[in-house]
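Report on one structure; see the data block that follows.
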Amino acid sequence: MDLISSLAVITLAALIHASFQLSVSVLLLLSGHSLGSRHSHLRLMRLTTSFVIGAGTMTALLLTFVSFVLQNLFGSDAPQIVWAMACGIMFGVAVSVWLFYYRHEKGTTTWLPRNIADYLSHRTKATKLSGEAFGLGLTSVIGELLFILAPIGASALALIQLPGAWKLVGVAIYVIISMLSLILVWVLIGGGRKIADVQRWRETNKNFLQFSAGAGLLILGIFMYTTQIAGLNLVIK
Amino acid sequence: MNLAVDIVKRGNKRRSEAFDCAKLRRSIMATCHSLKTPEGQSHMIADAVCSHVIDWLENRPEVTSDDLRLVAARHLKIHHPEAAYIYEQHHMII
C-alpha cells in the first residue's frame with residue numbers, strides 16, 4: 076500500500092471512530108452535571124478539557140500499542156492472512172453496528188450493558204476534579220473498545236507500512252480526526268450552546284450516525300480486501 | 029413536604045425509599061441550571077412541579093422512580109419544555 080492509500084485508510088478509520096458516541100454521551104452528561112451544580116464556566120471548561128485530553132490520550136495509546144504489537148509480530152508488512160482477518164472483523168463489526176449500536180428505544184442509549192452505563196453515569200456525576208475527568212475520558216474510550224478495535228486495527232495495519240516519521244503523522248491524523256465529534260461538542264458547550272440542543276441533534280440523527288459507521292466499516296473492509304488480498308492475487312496471475 | 033409514599037428504584041435493583049420532595053426539587057433545579065435558566069425562574073418552576081407531583085402522589089402508597097420522573101417531566105414540560113426534554117433524557121444519554 077502506498078503512502079496516500081495508507082493515509083486514506085487511517086483517515087477513513089478515524090472518521091468511523093469519530094461516529095461512535097460513548098465519549099460524546101459522557102461529555103454531555105459531565106457538562107450537564109457541572110452546569111446543574113452551578114459550577115463556574117472556568118471549572119466546566121477545566122473538566123471538559125481534561126475529559127477530551129483523556130479520551131485523546133487513550134486513543135493515541137491504543138493505536139500505538141496495537142501498531143507496536145503488529146510491528147513486532149510482522150515487521151513493516153503484515154501477511155495476507157492478517158489483512159483477511161482484519162477484513163472479516165470489519166464486515167462483522169459493520170453488521171454489529173447496524174444491528175446493535177443503538178438500542179431501539181427513546182434517547183441515545185447505546186449497546187453498553189446497563190450496569191456499566193449506570194456506573195459511568197454515577198462516576199460522571201461524582202467527577203469534581205480535572206484528574207477524575209481525565210480518567211473518565213480514558214475510561215470512556217476503553218468502554219467502546221469492542222467497536223473501536225476494528226478501525227484501530229485497520230489503522231495500525233496501515234501505520235506499520237508507513238516510513239519513519241510518517242508513522243507519527245499517521246497517529247496524529249488518526250487521533251485528531253477520531254476526536255472531531257468530541258472536540259465539536261466541547262467547543263459548542265464552551266461557546267454556551269445548550270446541552271438540550273446537542274442531545275436533540277444526536278437523538279434525531281442517531282440512525283444516520285449508526286448507518287454511516289456501519290457503511291464506513293464495510294467500505295474500509297472492501298477497500299482493504301481489494302488492495303491487499305485481491306490486488307496481490309491479480310499480480311500473481 | 030414529605031408524603032408517606034415509597035419510591036421503587038429503577039430496575040428494582042436498589043431498596044425502595046421514601047418520597048423526598050427536597051430531592052425532587054433539587055433535581056428539577058439542577059436541570060433548569062444546566063440550561064442556564066435564571067435562579068428565580070428555576071425556583072418557581074421547581075415549586076410548581078413539586079406541587080403537581082405531590083397532588084399526583086396523594087392516595088398512592090407506592091410508585092416507581094420512572095413513573096415519578098415521567099409525571100415530573102410532564103409538568104415540567106408546561107413550564108420549560110427544554111428542561112423537560114433533558115429531565116426525560118437523563119437516563120437515556122449513555
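Protein chains in written order, with this note's numbering: chain A, 76 to 312; chain B, 29 to 122. Note that CB positions come from ideal geometry on N, CA and C, so glycine has one too. Here the structure is a predicted model, which means the values were calculated and not measured.
C-beta contact flag for residue i and residue j at 7 Å
i        : j        : result
GLY111/A : SER62/B  : yes
VAL271/A : GLU110/B : Residue identity check: residue 271/A is Ala in the sequence provided, not Val. Contact flag set, yes.
THR123/A : TRP261/A : yes
PHE95/A  : PHE222/A : yes
ALA130/A : LEU255/A : no
LEU87/A  : LEU220/A : no
ALA74/B  : ARG53/B  : yes
THR199/A : LEU119/A : no
TRP186/A : TYR176/A : yes
SER81/A  : LEU232/A : no
ALA225/A : MET299/A : no
ALA169/A : LEU293/A : yes
GLY289/A : VAL172/A : yes
LYS281/A : THR183/A : yes
ILE227/A : LEU138/A : yes
VAL273/A : LEU263/A : yes
ILE85/A  : SER196/A : no
GLY218/A : LEU103/A : no
GLU90/B  : ASP34/B  : yes
The alpha helix (DSSP H) enclosing residue i, as first and last residue numbers
i        : result
ASP95/B  : 93-107
ILE56/B  : 49-62
PHE149/A : 116-149
SER205/A : 205-218
GLY72/A  : For residue 72/A there is no data in the structure shown, the boundaries of chain A being 76 and 312.
ALA288/A : 270-299
ILE121/B : That residue, ILE121/B, is in no alpha helix (DSSP H); it is neither H nor E in DSSP.
SER253/A : 241-253
ALA88/A  : 78-93
Own chain, CB closer than 6 Å to residue i, minus 5 neighbours either side, in chain order
i        : result
ILE311/A : Confidence in ILE311/A is poor, its pLDDT being 45 and thus under 50, which makes the residue's placement too unreliable to answer from.
THR134/A : VAL216, VAL250, SER253
LYS37/B  : SER93
ALA89/A  : TYR249, ILE252, SER253
ILE121/B : none
LEU234/A : SER142, LYS242, GLY245
THR214/A : none
LEU309/A : Low per-residue confidence applies at LEU309/A: pLDDT is 47, beneath 50, and the placement is therefore not dependable, though the value from the model is reported in the following sentence. No residues qualify anywhere along the chain.
VAL77/B  : ILE56, ALA100, HIS103, LEU104
PRO188/A : none
LEU85/B  : LEU31, VAL33
ARG43/B  : none
LEU174/A : none
Boundaries (first-last residue) of the beta strand (DSSP E) holding residue i
i       : result
ASP83/B : Not the beta strand (DSSP E): ASP83/B falls in the alpha helix (DSSP H), residues 67-85.
ASP34/B : 34-36
Bridge partners - residue i, DSSP secondary structure assignment
i        : result
ILE235/A : Answer is none; ILE235/A lacks a bridge partner.
ILE185/A : For the record, residue 185/A in the displayed sequence is Thr; it is not Ile. In the DSSP output, where bridge partners are listed per residue, THR185/A has TYR177/A.
GLU45/B  : ILE35/B
GLU90/B  : ASP34/B
Cβ shell of residue i (< 7 Å), same chain only, five flanking positions each side left out
i        : result
SER205/A : ARG121, LEU122, SER125
SER70/B  : MET57, CYS60, HIS61
HIS108/A : THR199, LYS200
ARG88/B  : VAL33
Contacts around residue i, its chain only, beta-carbon distance under 8 Å, and the 5 residues preceding and following it disregarded
i        : result
VAL99/A  : SER256, LEU257, VAL260, ARG277
ILE304/A : GLN155, TRP158, ALA159, CYS162
ALA240/A : none
ILE114/B : THR59, SER62, LEU63
Within chain D, the residues that residue i reaches when beta carbons sit closer than 7 Å
i        : result
GLU110/B : Looking at the structure shown, chain D is missing, and the protein chains on hand are A and B.
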